[in-house]
Amino acid sequence: MKKLYQIIFLIIRIVSGIYILRQGYEKLTGGFSLGGLTKVIAQNQDSPKWYKHFFKIIIEPYTSYWEWIIPIGEIMIGLALIIGFLEYSAALFGIFIMINNILADMIFTYPVQLSGFIFIALNKECINSTSVKTFINKFNKKEAG
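The sequence shown begins at 2 in my numbering and counts up one residue at a time.
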């Protein structure tokens, strides 16, 4: 049963990584712009006031930087989850990004992705057993002994 759980965990981790990697790549190559989003969030009735304030003070003045940081961050999260390196940190950053997308009232598939990232972050034992580091250590032990 433990092996089946690890396989399911591995599939969720890799699929979550592929999704966010694709999102980052599409943003990076597709002309991602925060300019229109800042106006939408300011007029949005569903976003909390503190989030609107955060967006106006932190994001809006530096949109040219965030337009690079966000896609590159998503690509890095995706690669980390797919490869199996720093998965816990990647899952936490994924949770942060998905919550931001939901607060910006961009629902799409983000609640499903958020659930995947939370599942990954809550399963540290599976993270440790399915990481690249674990496989490298097992391979080195077999070669040495």
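By construction, the Cβ of each residue, glycine as well, lies at the ideal position given by its N, Cα and C atoms.
- Task: Give me the Cα-Cα distance between residue 93 and residue 142, rounded to the nearest whole angstrom.
- Result: 31 angstroms
- Please report how far the alpha carbon of residue 96 lies from the alpha carbon of residue 38, in whole angstroms. 20 angstroms
- Message: With H, G and I counted as helix, E and B as strand and the rest as coil, what does DSSP make of residue 49?
- Response: coil
- Cutoff 7 angstroms; reference residue 1; Cβ partners in own chain excluding five residues on either side: Lying before the first or after the last residue shown, residue 1 is absent from the chain, which here runs from 2 to 146.
- Three or more C-beta pairs closer than 8 angstroms, one from the stretch 12-27 and one from the stretch 73-81: is that the case here? yes
- Task: Taking all protein chains shown into account, decide if residue 31 is buried (16 or more other Cβ within 10 angstroms of its Cβ) or exposed.
- Result: Classification for residue 31: exposed.
- Query: Considering only the beta carbon of each residue, do residue 13 and residue 120 sit closer than 7 angstroms?
  - Reply: yes
- Message: Using only the alpha-carbon positions, how far apart do residue 29 and residue 6 sit?
- Response: Between the alpha carbons of residue 29 and residue 6 lies a distance of about 34 angstroms.
- Leaving out five residues before and five after residue 52 in sequence, what residues of the same chain have Cβ atoms less than 7 angstroms from its Cβ? 104
- Item | Runs of beta strand (DSSP E) wholly within the stretch 24-101 (minimum 3 residues, chain order) | none
- Message: Under DSSP, the alpha helix (DSSP H) around residue 123 begins and ends at which residues?
- Response: Looking at the DSSP string, residue 123 is not in any alpha helix (DSSP H), and its letter there is neither H nor E.
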